[in-house]
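All remarks here apply to the structure that follows.
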Amino acid sequence: MNVGLLLFLPYRAMETRVFEGLAAAGFDDVTRAQGRVFPGIVPEGSRLTDLAEQAGVPKQTAGFLVDQLESSGYVERVPDPADGRARLVRITERGARSVAASSKIVAEVESEWTAHLGAGRMAQLRAILTDLRELTDPWR
């Protein structure tokens, strides 16, 4: 099996757990597609073009996903203080609660993986993947 698939399978398993856990916590209206743009939103707000680039989708697609997140109350659009013509996407209180819920689920999954692999191997895995990020993540 190729390394890319070996990396994808655990990611997909974690993602599935996160979305199942979010649904159980009352955040059942977030989709996987919306989940691609949501992590790119920084606390002070992010421009739509940046979210599109980070998610690897066209600006129109990112705009559509942000529209959905906004109508569900997860994000809001606010004026950009640095440029009066631009708008920023910012996480709302509801969005922050969903982020906290997903962070808790991620921690649970990582704890299970640590129990399975052992603390040393899990630390090695994290270090190796962090090193690999230098080649694969243009937004690091």
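If you want the working numbering, it's the 1-based position in the sequence shown plus 204. Virtual Cβ for every residue (Gly too), placed ideally from N, Cα, C.
With distance defined between alpha-carbon atoms, name the residue in E316, G249 and V279 nearest to R345. Nothing can be reported for residue 345, as the shown portion of the chain is limited to 205 through 344.
> Where does I309 fall in DSSP's three states?
Replying inline: I309 falls in the helix class under three-state DSSP.
Original post:
Got a sec: is the Cβ-Cβ distance from D271 to anything in chain C below 8 Å?
Top reply: Chain labels in this structure do not include chain C; a single protein chain is all it has.
**Prompt:** Looking at C-alpha atoms only, which residue of A227, T340 and V282 is the closest neighbour of L252?
**Reply:** V282
Do the stretch 258-272 and the stretch 223-232 touch if we need at least three Cβ pairs shorter than 8 Å? Short answer: they don't touch.
* **Contacts around L213, its chain only, beta-carbon distance under 7 Å, and the 5 residues preceding and following it disregarded** => Close CB contacts of L213 within its chain, under the 7 Å cut and outside five residues either way in sequence, are absent.
Notebook entry, point to check: Does the distance from the CB of S307 to the CB of V234 come in under 8 Å?
Noted result: no
- Item | Terminal residues of the alpha helix (DSSP H) in which G208 lies | V207 to A228
- Message: Considering just the uninterrupted stretch of the beta strand (DSSP E) at R236, what are its terminal residues?
- Response: Per DSSP, R236 belongs to no beta strand (DSSP E) and is neither H nor E.
- What's the call for V246, buried or exposed, on a 16-neighbour Cβ count within 10 Å? exposed
V270: buried (16+ other C-beta within 10 angstroms of its C-beta) or exposed? Classification of V270: buried, given that the 10 Å Cβ count is 16 or more.
Item to complete: For the stretch 266-309, list the alpha helix (DSSP H) runs that are entirely contained and at least 4 residues long, ordered along the chain.
Response: Segments of the alpha helix (DSSP H) lying fully in the stretch 266-309: there are none.
Margin query: For D284 and L292, which I take to be in contact (beta-carbon distance under 8 Å), what is that distance rounded to the nearest angstrom?
Written below: About 5 Å separates the two Cβ atoms, so the contact holds.
Where L226 falls, given that 16 or more other Cβ within 10 Å makes a residue buried: buried
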